[in-house]
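Here's the structure, in structure tokens; my notes come after.
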Amino acid sequence: MMGRLPDFIDPIRLAKRGEYLVGQMDLRDMDRLQSMLVSGQGMLDVQLAFDVDDAGIRNICGQIQTDVTVTCQRCLKPMDYVLEAEVMLGIIKHRDQADKLSDCYEPLLIETDEISLRDIVEDELILAMPATPMHDEDDCQSIDAYKKHDTDTADKAERKNPFAVLENLKQELKDKK
Ligand SMILES: [Zn+2]
460 MMGRLPDFID PIRLAKRGEY LVGQMDLRDM DRLQSMLVSG QGMLDVQLAF
510 DVDDAGIRNI CGQIQTDVTV TCQRCLKPMD YVLEAEVMLG IIKHRDQADK
560 LSDCYEPLLI ETDEISLRDI VEDELILAMP ATPMHDEDDC QSIDAYKKHD
610 TDTADKAERK NPFAVLENLK QELKDKK
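Those letters in the sequence shown? Residues 460 to 636, by our numbering.
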């Protein structure tokens, strides 16, 4: 059932009960994520399952997805992007418990009973942000200029090189005299 998600959750209690949280959140409330985007006006879909695994680790698994606009790092034009985060969080209450978590979990340190669901979701989306988002080559507006720029620089470097070598040789000969 899609519904309004709670602002604060007690993840340990939810895990013990094996509960699910499914619903939507407003992307506009997420300032840290917003600062990384050209725009993100829509809603994001959240599906989270809380559980305790065979090793007794209380965990949160699921998926978060939203449509955003980011800047293409090649042509610097806006580009639509489906931002998706796979969530696999192992809940820990002390930092040193992180070592005992199996590798499949990211540690989620919880120091108070209730934590902000929005913070968890926002953190996961920020982690899932691509470092250098780029259009597909066919869609990218500056792909030709980019390729040309690349060859130009390579040409110059090649052309310049023989002279540089000669200069060095001359200098070496001078030094020997
Ligand atoms: Zn582009």
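Virtual Cβ for every residue (Gly too), placed ideally from N, Cα, C.
Q. CB of Asp598 to nearest heavy atom of ligand 1: below 8 Å?
A. Indeed, a heavy atom of ligand 1 lies less than 8 Å from the Cβ.
**Q.** Secondary structure, beta strand (DSSP E): runs of 3+ residues fully inside the stretch 465-546
**A.** 479-485, 502-511 and 517-530
Q) Do you know offhand how far Asp595's Cα is from Asp526's? A) 17 Å
(Q) Any heavy atom of ligand 1 closer than 8 Å to the beta-carbon of Met538? (A) yes
Q.
DSSP three-state label for Glu565, please.
A. strand
Q | Inter-stretch contact at 8 Å, needing at least 3 Cβ pairs: the stretch 513-521 / the stretch 486-497 | A | no
Q.
What would DSSP say about Leu548, mapped onto helix, strand or coil?
A. In the structure shown, Leu548 adopts extended strand secondary structure according to DSSP, grouped into three states.
Q) Pairing CB atoms from the stretch 495-510 with CB atoms from the stretch 552-563, are three or more of them under 8 Å? A) no
Q. Is the Cβ-Cβ distance between Ile523 and Val541 less than 9 Å?
A. no
Q: Tell me whether the beta-carbon of Leu480 lies closer than 9 Å to the beta-carbon of Ile468.
A: yes
Q: Measure the CB-CB distance between Ala587 and Glu626 and report whether it falls below 9 Å.
A: no
(Q) Is the beta carbon of Leu576 closer than 9 Å to that of Leu548? (A) no
Q) Which term fits Pro470, buried or exposed, when burial requires 16 or more other beta carbons within 10 angstroms of its beta carbon? A) buried
Q: Report yes if the C-beta of His553 is less than 8 Å from at least one heavy atom of ligand 1; otherwise report no.
A: No - ligand 1 has no heavy atom lying nearer than 8 Å to the Cβ of His553.
Q: Taking all protein chains shown into account, decide if Asp539 is buried (16 or more other Cβ within 10 angstroms of its Cβ) or exposed.
A: exposed
Q.
Comparing C-alpha positions only, which one of Ile519, Ala474, Asp466 and Gly477 sits nearest to Gln483?
A. Asp466
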